[in-house]
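**Q** I'd like to ask some things about the structure below.
In my numbering, the protein residues as written are 254 to 667.
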């Protein structure tokens with residue numbers, strides 16, 4: 254490989270030499286296509302994930318600027334009811350564990366449409382959302398949730414702390430993986446954090462991605478794919494200590510980290526941190542060899558999914574999709590699945606309805622289309638929400654329809 258073409262690690266600046274998985278070319282996953290745009294050119298960028306041999310951060314290069322991805326955003330958290338409930342339980346937990354009340358300040362980074370902060374507002378706790386997507390932030394503001402339409406970084410964190418005061422709780426769900434300058438972002442959280450405050454971050458766990466074959470969670474919005482030990486290294490570099498960690502079932506397997514200023518030693522490091530660190534070490538996540546077989550595993554999954562779809566279509570079966578998530582875009586483009594396999598997909602988000610999936614141009618319809626068309630198979634693209642979707646669309650079974658999930662392997666749900 255030409256060293257001049259090698260990207261540098263976004264954390265430690267080491268030249269990247271090792272491929273984790275190469276998923277070819279794909280358009281940005283939330284760039285849904287309108288009817289008028291169907292004949293226009295789309296931009297495709299490499300989905301080539303590297304792993305750093307020094308810090309073991311798995312990462313994509315930055316081909317698409319955050320401004321282009323997040324300024325106008327199609328994902329509204331409130332349309333996933335299980336996610337809103339997850340947020341409510343989190344709010345209850347932190348209020349009790351950290352004694353939050355009217356005297357406290359809670360800041361959420363990437364606060365989306367207020368799906369989470371609404372629970373703190375209901376409890377009488379002052380909040381501030383930080384959300385770069387103006388269209389999504391507008392919904393939160395209309396709900397009465399103060400929101401700064403900004404990207405978080407060191408300068409922004411310092412400015413917000415000066416204007417609004419430092420936070421007792423800084424939180425972010427599924428944002429740590431979305432920032433290209435991860436050092437600046439973590440510095441921004443440190444600037445926002447009160448001396449005795451706590452940061453919590455939730456993000457998909459690299460171990461679950463590898464073990465669950467979750468290659469479709471790799472897309473341009475996700476710049477980084479995170480192990481616990483690499484995140485611990487990044488936070489330590491910026492004066493923050495991880496003192497607790499929880500494993501969560503969300504997004505196919507996530508972890509929630511708890512961090513504090515290094516100087517705030519009153520919060521002792523829990524045994525959960527020691528155990529997680531040791532587990533990743535035992536499983537080889539601090540060794541480059543652990544990362545080398547993933548690409549072959551992904552190719553096998555692609556072939557198996559295409560075999561299923563080809564056989565179903567040859568038997569005259571009709572197939573529709575459920576959902577139009579970012580992970581679905583990776584799956585559809587990498588596997589070359591278009592309307593010859595999937596007649597349409599449905600999504601509860603009105604913002605996506607009437608548009609087409611990026612790159613593959615599959616129509617996105619309202620969920621009622623399933624009742625009208627009665628497909629034989631419904632391919633669940635947001636497979637992490639399969640239980641919720643099967644319950645909501647249980648009527649599919651009325652005409653003998655069956656649900657299918659593609660990850661970790663193709664499975665017809667019975």
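Glycine included, each C-beta is placed from N, C-alpha and C at the ideal position. Just so you know, these numbers come straight off a predicted model, no measurement behind them.
1. I need the straight-line Cα distance from residue 554 to residue 450, nearest angstrom please.
2. Which one of 443, 404, 610 and 484 has the shortest CA to CA distance from residue 226?
3. Can you give me the start and stop residues for the alpha helix (DSSP H) that residue 444 sits inside?
4. Helix, strand or coil for residue 419? Go by DSSP, reduced to three states.
5. Can you give me the Cβ contacts of residue 309 inside the same chain, cut-off strictly under 8 Å, excluding the 5 residues immediately before and after it?
6. Please confirm if the stretch 630 to 647 is in contact with the stretch 574 to 584, defined as three or more CB-CB distances below 8 Å between the two stretches.
7. Please state the DSSP three-state secondary structure of residue 637.
8. Nearest-angstrom Cα distance between residue 651 and residue 462?
9. Is the beta carbon of residue 401 closer than 9 Å to that of residue 428?
10. If you check the beta carbons only, do residue 272 and residue 546 fall under 9 Å apart?
11. Does the separation of the CB atoms of residue 494 and residue 525 fall below 9 Å?
12. DSSP three-state label for residue 366, please.
13. Just the Cα atoms here: how many angstroms apart are residue 378 and residue 304?
14. Excluding five sequence neighbours on each side, which residues of the same chain lie with their C-beta closer than 6 Å to the C-beta of residue 381?
15. Would you mind giving the Cβ-Cβ distance between residue 574 and residue 592, rounded to the nearest angstrom? I have them listed as a contact below 8 Å.
16. Who pairs with residue 508 in a beta bridge, going by DSSP?
17. If the criterion is Cβ atoms closer than 9 Å, does the pair residue 421 and residue 386 meet it?
18. Counting along the chain, where does the alpha helix (DSSP H) carrying residue 587 start and finish?
19. Excluding five sequence neighbours on each side, which residues of the same chain lie with their C-beta closer than 8 Å to the C-beta of residue 530?
20. Compute the Euclidean distance between the alpha carbons of residue 609 and residue 287, then round it to the nearest angstrom.
21. Given a threshold of 16 other Cβ atoms within 10 Å of its Cβ, counted over all protein chains shown, does residue 397 qualify as buried or as exposed?
**A** According to the structure shown:
1. Between the alpha carbons of residue 554 and residue 450 lies a gap of roughly 44 Å.
2. Residue 226 cannot be examined here, being either before or after the span of the chain that is shown, 254 to 667.
3. For residue 444, the enclosing alpha helix (DSSP H) stretches over residues 435 to 445.
4. It is coil, neither helix nor strand.
5. Only residues of its own chain outside the window of five on either side were considered, and among them 480, 482, 483, 538, 539, 541 and 544 have a CB closer than 8 Å to the CB of residue 309, listed in chain order.
6. With contact defined as three or more Cβ pairs closer than 8 Å, the stretch 630 to 647 and the stretch 574 to 584 are in contact.
7. Residue 637 falls in the helix class under three-state DSSP.
8. Using only the alpha carbons, I get a separation of about 34 Å.
9. At least 9 Å separates the beta-carbon of residue 428 from that of residue 401.
10. For residue 272 and residue 546, no; Cβs fall outside 9 Å.
11. No, they are not a contact pair.
12. The answer is coil: DSSP assigns residue 366 none of H, G, I, E or B.
13. Approximately 41 Å between the Cα atoms of the pair.
14. Non-local C-beta neighbours of residue 381 in its own chain, meaning closer than 6 Å and more than five positions away in sequence, comprise 360, 399 and 417, ordered along the chain.
15. That pair is no contact at about 10 Å.
16. Looking at the DSSP assignment, residue 508 forms a beta bridge with 456 and 500.
17. Between residue 421 and residue 386, the C-beta gap is not smaller than 9 Å, which leaves the two residues out of contact.
18. DSSP places residue 587 inside the alpha helix (DSSP H), whose first and last residues are 579 to 588.
19. 481, 482 and 485, listed in sequence order.
20. Approximately 6 Å, taken between the alpha carbons.
21. Label assigned to residue 397: exposed.
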